[in-house]
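Chemist: Please find one structure pasted underneath; my questions will follow.
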Amino acid sequence: MPPCPSTSVSRLKQSLFAAATFLFSACGLAGKPVPEISVQELKARRDQKEEFILLDVREPKEYSIARIDGSILIPLGALPARLSELDKNTKLIVHCKGGVRSAKAVRLLSEKGYDAVNVAGGIDAWSISIDTSIPRY
């Protein structure tokens, strides 16, 4: 006896849902949104002399092209091995070129007990809105 069409459709929906959940999890798209600030808020915090570490998670070649003064470079791929270089008692403001790698870094840092936020739009947004002398690439 062939399966009931509604049962087959239901099983297909369940399989598709399970596959989508797996893919979103594997891509880092599942879970809570990453806390983030705008480049305008980053500038305000710098202007107010707020204490934080500005962490750049781009690659060294990118850092040599453009950087925000006062930032420290720890590429995303090296971050897990270099966590001990970061103070858990100091807020981390994390950026990359556009915000994707830094969002991944913020997730990792948060899981490890750091207080970290992502800079929305990254150095690209900074160079457009705050400091046009920083080259865009």
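Per our numbering: the sequence shown = residues -1 to 135.
By construction, the Cβ of each residue, glycine as well, lies at the ideal position given by its N, Cα and C atoms.
Would the beta-carbon of Val115 fall within 8 Å of that of Val98?
Modeler: No.
Chemist: Enumerate in chain order the residues of its own chain whose CB-to-CB distance from Val32 is below 7 Å, with the five nearest sequence positions on each side excluded.
Modeler: The answer, listed in chain order, is Ala101, Val104, Arg105, Asn116.
Chemist: Judging by CA-CA distance, which residue of Val55, Ile66, Glu60, Asp122 is the nearest neighbour of Arg96?
Modeler: Before going further, note that residue 96 is Gly rather than Arg in the sequence given. Here the closest residue by C-alpha is Asp122.
Chemist: Find out if the Cβ-Cβ distance for the pair Lys41, Ile128 is shorter than 8 Å.
Modeler: Closer than 8 Å, so yes.
Chemist: Quick check: the Cα distance between Gly75 and Asp45, rounded to an integer number of angstroms?
Modeler: Rounded to the nearest angstrom, the two C-alpha atoms are 31 Å apart.
Chemist: Any chance you could list the beta strand (DSSP E) runs of at least 3 consecutive residues sitting entirely within the segment 30 to 108, in chain order?
Modeler: Entirely contained in the segment 30 to 108, the beta strand (DSSP E) runs reaching 3 residues are, in chain order, 51 to 54, 90 to 93.
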